[in-house]
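Numbering (my numbering), first residue to last: 1 to 361. No residue lacks a Cβ here, since even glycine has one placed at the ideal position from N, Cα and C. Have a look at the structure below before the remarks.
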Ligand SMILES: Cc1ncc(COP(=O)(O)O)c(C=O)c1O
């Protein structure tokens, strides 16, 4: 606490990112839903062509070369695409652009258990929110989002940390019930579910879909996220961007991303491998008595049987394996485990067996 902090800085509760290893530390990192496989070899080729004198110049503001390639891949126009410094930034801009702030504003509707950055952004921008409880099976309560009394909707699909997918027919019900407000569908994990709400874009001007190269495209370190929606929504995001930072995506990231987004075969092969490993490890854990939700993502949300989730988390950490534990109501008995390589996941299961000493099963 400093006497120079303003009221917002004093009171804000910042998002807590998953623990990052110290330089040189050897760990198995299964706590931030990264991709365990490297990005396409084309990325190396692009990096080898980086023109150092060009770094003396500011980048193109709108990431046009990325938007053009994304538009081709996603079957939309470049005017329907916005790029930012990771989808976190795109989400932050969306909150600022589309949801009203201040007392008396209709609240933004979000699931009570979802990406924990949503309440942080809402707080940062003084946007009132209403947290709608997930149902007992952790699925999104669609009817509660359709009561028509909100000032907008934001949720992840598949949801995080639950890993569960909401069917498109349900997404459409939410869009229809909130015609005068933006419905933001955060599709950070959509490649692993094979389901995207983008097909609904021609029908719904209030739909904004966000995506990222951090998960399926193995580029979390590059920081490239995007939004797809009606050109008027994209213009709104651009107005916010240009009131904050005209150059959110650096020129190297733009060059790399423009190539990486078209590497579909490479990406889908990694997605396939990750899904196969995910399903195998889910079965391994279930055979030990764990409750594992049916994941449509690159992570598992799972509750151990023989010991508390916190004890397993702590013991795994002691063995150099990081998973994510949320000490929060309703989910404090669950762990969020990113799907790593087969070898990493076998190490995980071995470590769990050592920790529980065969108490499971
Ligand atoms: C649901 C969800 N949305 C968005 C993000 C942010 O992704 P990025 O900022 O790397 O694009 C994450 C990251 O874990 C996430 O889980």
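DSSP beta-bridge partners of residue 303: Partner(s): 291.
Residue 33: CB within 7 Å of a non-hydrogen atom of ligand 1: Under cutoff, so the answer is yes.
Assumed close pair residue 285, residue 312 - CB separation to whole angstroms, cut-off 8 Å: At roughly 11 Å, the Cβ-Cβ gap does not stay under 8 Å, so residue 285 and residue 312 are not in contact.
Residues near residue 173 by beta carbon distance below 7 Å, same chain, minus five either side: Excluding positions up to five away in sequence, the list reads 142 and 146.
Spatial neighbours of residue 352 in its chain, beta-carbon cut-off 7 Å, leaving aside the 5 residues before and after: Spatial neighbours of residue 352 in its own chain (CB-CB distance under 7 Å, excluding positions within 5 residues in sequence) are listed in chain order as 312.
Proximity below 8 Å, CB of residue 83 to CB of residue 244: Against a cut-off of 8 Å, the Cβ pair of residue 244 and residue 83 comes out as no contact.
Burial state of residue 290, where buried means 16 or more other Cβ atoms lie within 10 Å: Buried.
Any non-hydrogen atom of ligand 1 within 7 Å of residue 314 CB: With a cut-off of 7 Å, the C-beta of residue 314 is classified as distant from ligand 1, since no heavy atom of the ligand falls inside that distance.
Beta-carbon proximity of residue 262 to residue 69, cut-off 8 Å: Yes. Within cutoff.
Any non-hydrogen atom of ligand 1 closer than 7 Å to residue 214 Cβ: In this structure, residue 214 has its CB closer than 7 Å to one or more heavy atoms of ligand 1.
Straight-line gap, residue 73 to residue 198 (C-alpha atoms, nearest Å): Each residue's alpha carbon lies about 12 Å from the other.
For residue 242: DSSP bridge partner residues: The partner list for residue 242 (beta bridge, DSSP) is empty, contrary to what the question assumes.
C-alpha gap between residue 101 and residue 186, whole angstroms: Cα to Cα, the separation comes out at about 21 Å.
Residue 88 CB to nearest heavy atom of ligand 1 below 7 Å: Checking every heavy atom of ligand 1 against the Cβ of residue 88, one is found closer than 7 Å.
Sequence-distant residues of the same chain with beta carbon closer than 8 Å to residue 180, five excluded per side: 206.
Presumed contact (8 Å Cβ cut-off) between residue 234 and residue 80, rounded CB distance: Sure, about 6 Å apart at Cβ, within 8 Å.
Ligand 1 heavy atom lying under 7 Å from the CB of residue 160: Taking 7 Å as the cut-off, the C-beta of residue 160 counts as close to a heavy atom of ligand 1.
Contact between the stretch 113–121 and the stretch 150–161 (3+ Cβ pairs under 8 Å): Yes: the two stretches touch, three or more of their Cβ pairs being nearer than 8 Å.
Cβ pair residue 138, residue 164 closer than 8 Å: With contacts defined as CB atoms closer than 8 Å, residue 138 and residue 164 qualify as a contacting pair.
Reduced DSSP secondary structure (H/G/I, E/B, other) of residue 53: Here DSSP, grouped into helix, strand and coil, assigns residue 53 to helix.
As assigned by DSSP and simplified to three states, the class of residue 377: Because residue 377 is not part of the residues shown, which for the chain are 1 to 361, the question remains open.
Backbone CA spacing between residue 361 and residue 288 [nearest angstrom]: Bear in mind that the predicted position of residue 361 carries a pLDDT of just 47, short of 50, making it too unreliable to give a figure here.
Validate contact between the stretch 293–311 and the stretch 246–257 using beta carbons, cut 8 Å, 3 pairs: Taking a cut-off of 8 Å for Cβ pairs, the stretch 293–311 and the stretch 246–257 do not touch, as fewer than three such pairs fall below it.
Any non-hydrogen atom of ligand 1 closer than 7 Å to residue 225 Cβ: The beta carbon of residue 225 sits closer than 7 Å to at least one heavy atom of ligand 1.
Heavy atom of ligand 1 within 7 Å of residue 186 beta-carbon: At least one heavy atom of ligand 1 is nearer than 7 Å to the Cβ of residue 186, so yes.
Residue 121: CB within 7 Å of a non-hydrogen atom of ligand 1: The closest heavy atom of ligand 1 lies 7 Å or more from the beta carbon of residue 121.
Residue nearest to residue 62 in terms of C-alpha spacing, selected from 213, 240, 160 and 342: Comparing Cα positions, the closest option is 240.
Residue 115 Cβ short of 7 Å to ligand 1 heavy atom set: Correct: residue 115 has its Cβ closer than 7 Å to ligand 1.
Element boundaries [alpha helix (DSSP H), containing residue 86]: Counting along the chain, residue 86 sits inside the alpha helix (DSSP H) bounded by residues 86–98.
Beta carbon of residue 127 nearer than 8 Å to that of residue 108: The Cβ atoms of residue 127 and residue 108 lie closer than 8 Å to each other.
The stretch 201–215 touching the stretch 15–22, judged by at least three CB pairs closer than 8 Å: No, the stretch 201–215 is not in contact with the stretch 15–22.
Residues bridged to residue 211 [DSSP beta-bridge criterion]: Residue 211 is bridged by DSSP to 226.
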